[in-house]
Structure formats: structure tokens, C-alpha cells
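Chains as they are written, first to last, in our numbering: chain E, 1 to 298; chain U, 299 to 596. For glycine and all other residues, C-beta sits at the position ideal for the given N, C-alpha and C.
Following this line, the structure appears as C-alpha cells:
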């Protein structure tokens, strides 16, 4: 266990470093016109975050024996969608956040209009990457990857989840409605990360379905833990102001069920995710990610 | 000429009606959750506009002998990108417009947050459509279509043009810099409309290049005429407040060169566009569109 954990830390650090380099290379350079827009896109994406979605894509890619060259493009596309959603989510008309990953948010640094356009352009770039690199042996499978990411990002995925969140703010939401929101808001993109990582290689249909069920459970666990950390975490550890959910009148899991029940729910979900992986080979890093999701403190 | 013009009006009306039906079918229905988001997406896209980009896609498709079934999907994808850009462009942090196509803008009708998300989700839907329908015989060519639209929408296309516009507002821009902005802000998506329409069928490389040069010239002519109409058009004919460019301190063609020179420039560009089509067969509707672009009064 000790050895496995150390291995996992090293693997995670390796993927994170690789992704940082890939994103720095794939984003337009800051000196290319329009320079301020490109600077904002890079600011919103680089040097930030745990890269949970890329980690999941790479770990799913191991199951499917995908090449790292393909995985870093697919993972970058998913991460750009995530980065754009954070920029727009932080805008004054949404959550009005001023701090993200320990830095001023994009609109504080670059102004609202540039932040809006940077988010828009990050979304476009995600689809450009998925289309312009060879990511699957069969181009039809690659079109399927574009469709998967677009559906996950859209009105019945992530953007839809943000809308549900918007409408739920300040209202008394039940646990099923709350989980419905999370399944869209963060779950859809996490599932897409796993699906795209797997699509860079080859999988049996039964394995593909097991990975998708794993991703659903991990995605929800991740969000429950995020809600918990918003209550218990310090601003320093989180890199953003704590207690924001409560201050914004947001529906959260601990808000209804209390901290103890929320923690139990997260552990149950991770148990379910691990059970899905039982028949799957080369899934050690997927398992470690699931465990890490509930144990992390930021 | 009389007969041709009447034919063209009928053709245009036919494409516009077909596109309205296609968009109504391809957009998520307003009763599907999240209903308010879907209502906003439909509001921002349906019953509006001249559908210049779909018209160009269909006319380019005629040259390439593409099927109407493919063309309406490709044209819808381009139109969704256009619709999203208008929603975001109208937001208070951008142009702060309250009227569009004779109706309150999306954020006036649905609130800023929902309008922001509706724009985001329209962009995702555009790429979903391009990936989930069969639009080209070779799936590699279809991936190329995704790449073309993504690049046209992104930081070195439309979004980049909006950033240049943002930075130019209130400053003294020369004509070359103004045209550089237009080439990105509206030109990139107009070129993509022609390219995607052509890609639904088959073209010689020389024809493809001629159509692209045509699209470049028509795109710029279209924007010069838009600037002219902002000065000379009535709010009633335009469906939006006139004189907005001047009020916002925007760089415009008539603003530098005067109305007469602006009109001459538009006619010169259309002449260039028509010259490009000389060796191209089945290009009558492309020709008529070019003429219509300079003659329209709204």
C-alpha cells in the first residue's frame, strides 16, 4: 500500500507535468495577436488545478493501452472545456468570484469582456484539438470523441448543470435534485474525460461500460467532497475563498445532510466506483484516483 | 435579370424556411430540462436574421453538388456559432445592446447568467451537430470540417476579431487595421460557411480556392455595408438601434472614409468576389448573394 501510494504520487506528478507542457504548447503563444486574448486564455489554463480530468483520461488510457501522445491531446481538450467553464462561472453575472487557484480570477486580471471571449475561444480550441490531431485509428471513432465532448459540455451536460445550479441557488433543493445537478455540472465532463481517454486506445464494450459507471460514481464523489471542502477547507489550502457556497446560498450536500453523512456518501460512491473496476485490467491508477478523490484536502 | 432576381428571391426564401425548420428541430425542445436554458437557446436562434451564412453554405453546396440534408446540418452548425456570438456580443460587459432583430436581446429577456450559458451551449451544440451527422463521404473530411469551424470561431478567427474590436473601441484605427478586424470578426465565419457547404459535396482544389477567395471578398463587403447601414439605416428596417457604432465609439468604415468611399469599397469587393466565380459552374446563387449583399437595406 505504501509503495503503491508513492507510485501513484509519482505517476500523478508525471501526468500533471506532461499536461502543463502540452497545454503550454497547444495554447496560442501570448505574443501572437490578439495578444491580450491569448494571454488571458493561457492565464486561465496554465499553472493551475489538480488536472483531475486529464488524470482520469490518462488512467483510462492505460486500460485501453493508448499512447501518451494521443492522450495528452484528448486530455487537453477536456481540460480546456473545464478551464473555459471556470472563467465563465467566476464572472460577476454568475458566481462573481475574485480568487481562483490562489490567483485573481480571469475577469479581475483582464476585464470582463476579455475573460468572456477567452472562455469562448478556449471552448473552440478544445474542438479544434480533437479534430486536427489523429487520436483514433478509425476517423469515425474520432468524430464520436468530438460528439462525446460536445454533448458533455452542452445544455444537457455541463452548461445545463450550471443552469440548474443557477436556478437552485437560494432555494431548498432535495438530495436527489442536488445529485441531478452535480451529475450534469461536473459529472458529464468527468465521464467525457474517461471516455475520451479510453477512445484513444482499444477496449471491449463491457470494459467501456464499466469505466463509464466508474466515472459516474467518481464524478459524484468528487463533487460531494468539493462541497465538504468548501465547509471544512481553509482558503489557503483551497486557493479560493472558503464558505463561498454557503455565502452564495448554494445547495450543497453537507448543507442538507450534515458533514458526517456527506462523508459517508462520498465513501460509498468511491466503493461503488472501485467495484466497477474489479474485472478490469491495468486499472490501478483509476483505483488510486478514486481513493485520492475522497482523501484529498484541497 | 428580372427573372434571375425573382428566382433568387424564391431560392433565398426557400433556404431560409428550410433552415428555420432545421434549427427548430435540431435545437433541444423548450420543454426539455433545463427548460429555461433551452428556451433561451431557441429564442436567440429562431425567427431571426437573414441567415446569410446558411445561404452561403447552400449556395457553395450547389457548386459542389451537395445534398440539402447534409447542407442544412453544416449550415445550422455555422448559424449556431453566429447566434452564440451575438448573444455574448450583446451582453452588458460587451456592447450592452438591448435590441436585436426587433426583439429584446437574450440577456434582457432571460437574465445575464442564462444568456451567457445559452451562448456557451449553442457553441457546444454546433460541434455536436458536425460530429453526429454524416456530412462527408470520408470521415477524415468531416473531421476537417470540425477543425475549420473551430478555427473560424476561435481566438484567431471570430473571437479574436471581437477582441480586436474591443481594444480598438474609442481609438483611432486606420483602414488596414479596421479591415484586419472585420476579416476576423465576421470574415472568418463567412469563409467557414462557404467551406463547410462545399465540403458537403465534391470540388476540385482550384474551385475550392476560388470559393474561398470569393468568401473573403464577400465577407468584407458584408461588413462594410453593415457599417454603412448602421449610419444610414432606420431602427425599424434594421431591427436594432441605428447609430450604435458611433455611440459606442467603434471604428467603422464610413467613420474614416466617409459614406461615398465606403460604398465604393463595398462595390469593388463584390466585383472581386464575382470575378473569382468566373470559371466556376453552378455558382449563380453565390453571384446573386454577392450582389444582394451590397444592395440590401437591412
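Simplified DSSP state of residue i, which is helix, strand or coil
i, result
"residue 445 of chain U", "helix"
"residue 474 of chain U", "helix"
"residue 100 of chain E", "strand"
"residue 186 of chain E", "helix"
"residue 279 of chain E", "coil"
"residue 364 of chain U", "coil"
"residue 438 of chain U", "helix"
"residue 518 of chain U", "helix"
"residue 393 of chain U", "coil"
"residue 308 of chain U", "helix"
"residue 489 of chain U", "helix"
"residue 258 of chain U", "Chain U is shown only over 299 to 596; residue 258 of chain U falls outside these bounds and no answer can be derived."
"residue 326 of chain U", "coil"
"residue 53 of chain E", "helix"
"residue 1 of chain E", "Caution applies to residue 1 of chain E, whose pLDDT of 47 falls short of 50 and renders its modelled position unreliable; the model cannot decide the point."
"residue 248 of chain E", "coil"
"residue 469 of chain U", "coil"
"residue 346 of chain U", "coil"
Option nearest residue i by Cα separation, candidates the options
i, options, result
"residue 263 of chain E", "E/126, E/231, E/287", "E/231"
"residue 549 of chain U", "U/483, U/594, U/583, U/567", "U/483"
"residue 55 of chain E", "E/15, E/200, E/77", "E/15"
"residue 111 of chain E", "E/47, E/136, E/37, E/72", "E/37"
"residue 91 of chain E", "U/479, U/413, U/473, U/371", "U/413"
"residue 48 of chain E", "E/72, E/17, E/270", "E/17"
"residue 22 of chain E", "E/46, E/7, E/255", "E/46"
"residue 453 of chain U", "E/121, E/88, E/87", "E/121"
"residue 73 of chain E", "E/20, E/12, E/108, E/100", "E/20"
"residue 557 of chain U", "U/572, U/527, U/568", "U/527"
"residue 512 of chain U", "U/503, U/553, U/547, U/584", "U/584"
"residue 179 of chain E", "E/167, E/171, E/161", "E/161"
"residue 543 of chain U", "U/430, U/378, U/387", "U/387"
"residue 589 of chain U", "U/581, U/580, U/576, U/572", "U/572"
Terminal residues of the alpha helix (DSSP H) in which residue i lies
i, result
"residue 461 of chain U", "456-466"
"residue 453 of chain U", "Run containing residue 453 of chain U: none; DSSP gives neither H nor E here."
"residue 124 of chain E", "112-132"
"residue 254 of chain E", "253-257"
"residue 35 of chain E", "35-45"
"residue 594 of chain U", "Residue 594 of chain U -> no alpha helix (DSSP H), and no H or E assigned at all."
Partners in chain E for residue i, counting only beta-carbon separations shorter than 7 Å
i, result
"residue 444 of chain U", "127, 131, 146"
"residue 449 of chain U", "128"
Neighbour list for residue i in chain U, Cβ cutoff strictly below 9 Å
i, result
"residue 200 of chain E", "Chain U residues near residue 200 of chain E: none, gap ~15 Å exceeds 9 Å."
"residue 117 of chain E", "386, 392, 453, 457, 458, 460, 461, 464"
"residue 112 of chain E", "389, 390, 391, 392"
"residue 12 of chain E", "In chain order: nothing, as chain U lies at least about 29 Å away."
"residue 68 of chain E", "Result: empty, since nearest Cβ-Cβ is about 21 Å, beyond 9 Å."
"residue 41 of chain E", "453"
CB contact flag (residue i, residue j, <7 Å)
i, j, result
"residue 42 of chain E", "residue 27 of chain E", "yes"
"residue 44 of chain E", "residue 126 of chain E", "no"
"residue 158 of chain E", "residue 85 of chain E", "yes"
"residue 524 of chain U", "residue 551 of chain U", "no"
"residue 380 of chain U", "residue 349 of chain U", "no"
"residue 355 of chain U", "residue 587 of chain U", "no"
"residue 332 of chain U", "residue 163 of chain E", "yes"
"residue 221 of chain E", "residue 293 of chain E", "yes"
"residue 193 of chain E", "residue 149 of chain E", "no"
"residue 189 of chain E", "residue 145 of chain E", "no"
"residue 77 of chain E", "residue 143 of chain E", "no"
"residue 570 of chain U", "residue 497 of chain U", "no"
"residue 394 of chain U", "residue 403 of chain U", "no"
"residue 500 of chain U", "residue 373 of chain U", "no"
"residue 94 of chain E", "residue 338 of chain U", "no"
"residue 224 of chain E", "residue 265 of chain E", "yes"
"residue 135 of chain E", "residue 70 of chain E", "yes"
"residue 128 of chain E", "residue 449 of chain U", "yes"
"residue 547 of chain U", "residue 467 of chain U", "yes"
"residue 508 of chain U", "residue 407 of chain U", "no"
Under 8 Å by beta carbon: chain E residues contacting residue i
i, result
"residue 334 of chain U", "163, 167"
"residue 292 of chain U", "Residue coverage of chain U in this structure runs from 299 to 596, which leaves residue 292 of chain U outside it and unanswerable."
"residue 326 of chain U", "155, 156"
Proximal residues of chain U, C-beta to C-beta of residue i below 7 Å
i, result
"residue 143 of chain E", "429, 437, 440, 441"
Listed by chain order, chain U residues near residue i by CB distance under 8 Å
i, result
"residue 123 of chain E", "418, 421, 422"
"residue 136 of chain E", "None at all; the shortest Cβ gap to chain U is about 10 Å."
Chain E residues whose Cβ lies nearer than 9 Å to that of residue i
i, result
"residue 352 of chain U", "Correct list: empty, because the minimum Cβ distance to chain E is about 20 Å."
Under 8 Å by beta carbon: chain A residues contacting residue i
i, result
"residue 508 of chain U", "In the structure shown, chain A cannot be found, because the protein chains are E and U."
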